[in-house]
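In the numbering used here, the protein residues as written are 92 to 446.
See below:
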């Protein structure tokens, strides 16, 4: 029988939350197997795009890689809305919490704060990255800095030639910097590279934090363990696919080529590690307690705001409007890409019925 935890809230009414979880002692072997299985499916999803992008033995046709890229974007979008926002709302509106949680949509409010926080962070970071990119190109032009990005190095050769041959196109923008039209285009491309790297880091943080609660909830689940096990396995694979594709399509500096592999490894380890912790505390962790509901709800809501902002502003808007991938291309190509995006969101949203 579940034990009820009773306390007085600030308004003098009782808050009744479970002080135990739904763990029933069944499916022990399957619960233990969840640790290696979740690692495998998570790694399969997150490392496959990297292998396809960097390994000569696992090359895939460009259209397949694009399909995975847009499908993965849809997965991340649905993760923010369905797997984070909905769960946060369910936790923070639980009737056992009592006022003020039952009187105000705290999950949506916290997500809103998350959106504004990540937006101002993005704005400030964009300005700083713009300054950094400008200084980087100027340093390379003057031969004072090694090339960190291969494509930027190639662009820089053009940049230097244009500076020498078409000086009439240049204009002084401050006391020490002259930039041609080609230089401006190079600057924009370098800023885009930095922005993609930053976006990968933000996505990783939001998804990894959520993965902790995913793994923990699995191994302490009750009669719905089997269904949850299957759903979370698919969840981890598709979510990893979305992350891995972003890592693979981002150009990393020469000295940082190991970073996307480490980020994929961190994602692959987080959920199974949390599952292992769940096995240890299966009989004592109060998943339905007031503290657990509030903590999980706050983290999920904050991560939802971050993912929703990033997925719309940095994935959808950038890929379809600002990247130039569809410039002067047929509407058919755009519609096909949008179909992949929609399919990814649909699949992840459907999984949300069980996990």
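Glycine included, each C-beta is placed from N, C-alpha and C at the ideal position.
Residue 308 classed as buried or exposed, judged by whether at least 16 other C-beta atoms fall within 10 angstroms: buried
Integer Cβ distance of residue 431 from residue 161, believed to fall under 8 Å: 4 Å
Residue 107 - DSSP class collapsed to helix/strand/coil: strand
Residue interval of the alpha helix (DSSP H) (run including residue 333): First-last of the alpha helix (DSSP H) with residue 333: 316–339.
Assigned secondary structure, residue 439 (DSSP; H/G/I helix, E/B strand, else coil): helix
Closest residue to residue 359 among 310, 401, 127 (Cα-Cα distance): The residue with the shortest Cα to Cα distance from residue 359 is 127.
Proximity of residue 130 and residue 143 at Cβ, strictly below 8 Å: no
Residue 135: first and last residue of the uninterrupted alpha helix (DSSP H) it sits in: 119–145
Residue 199 beta carbon less than 8 Å from that of residue 169: no
At least 3 beta-carbon pairs within less than 8 Å: the region 418–430 vs the region 299–319: Contact between the region 418–430 and the region 299–319 is not established, with fewer than three Cβ pairs separated by less than 8 Å.
Three-state secondary structure (DSSP) of residue 379: It is coil, neither helix nor strand.
Rounded straight-line distance, which links the Cα of residue 219 to that of residue 325: Rounded to whole angstroms, the separation of the alpha carbons of residue 219 and residue 325 is 38 Å.
Classification of residue 439 by the beta-carbon crowding that lies within 10 angstroms, buried from 16 upward: buried
Counted within 10 angstroms of its Cβ, other Cβ atoms place residue 449 as buried (16 or more) or exposed: Only positions 92 to 446 of the chain appear in this structure, which leaves residue 449 out of reach.
Element boundaries [alpha helix (DSSP H), containing residue 354]: 350–371
Whole-angstrom distance between residue 353 and residue 344, CA atom to CA atom: 15 Å
Option in 132, 362, 280, 301 with minimal Cα separation from residue 414: Out of 132, 362, 280, 301, 280 has the C-alpha closest to the C-alpha of residue 414.
Beta-carbon gap between residue 331 and residue 136 smaller than 8 Å: yes
For residue 209 and residue 396, believed in contact at Cβ under 8 Å, the rounded distance: At roughly 7 Å, the Cβ-Cβ gap stays under 8 Å, so residue 396 and residue 209 are in contact.
Cβ pair residue 303, residue 365 closer than 8 Å: yes
Residue 449 - containing alpha helix (DSSP H), residue span: Only positions 92 to 446 of the chain appear in the structure, and residue 449 is not among them; the question remains open.
Three-state secondary structure (DSSP) of residue 388: helix
Buried or exposed by the 16-neighbour rule on C-beta atoms within 10 Å, applied to residue 176: Flag for residue 176 reads buried.
Secondary structure of residue 312, DSSP reduced to three states: coil
Cβ-Cβ distance between residue 288 and residue 305 below 8 Å: no
Beta-carbon gap between residue 361 and residue 299 smaller than 8 Å: yes
Contact set for residue 445: own chain, Cβ-Cβ below 7 Å, skip 5 residues either direction: Closer than 7 Å at the Cβ level, and outside the excluded window around residue 445, lie 318, 319, 322.
Residue 342 (DSSP reduced to helix, strand or coil): coil
Own chain residues within Cβ distance below 6 Å of residue 205, not counting five before or after: 393, 396, 397
Per-residue burial, residue 217 [other beta carbons within 10 Å of its own, 16 or more giving buried]: exposed
8 Å Cβ cutoff met for residue 184 and residue 406: no
CB contact check: residue 389 to chain C, cutoff 8 Å: No chain C is part of this structure, which consists of one protein chain only.
Nearest-angstrom beta carbon gap, residue 328 and residue 132 [assumed within contact, 8 Å]: 5 Å
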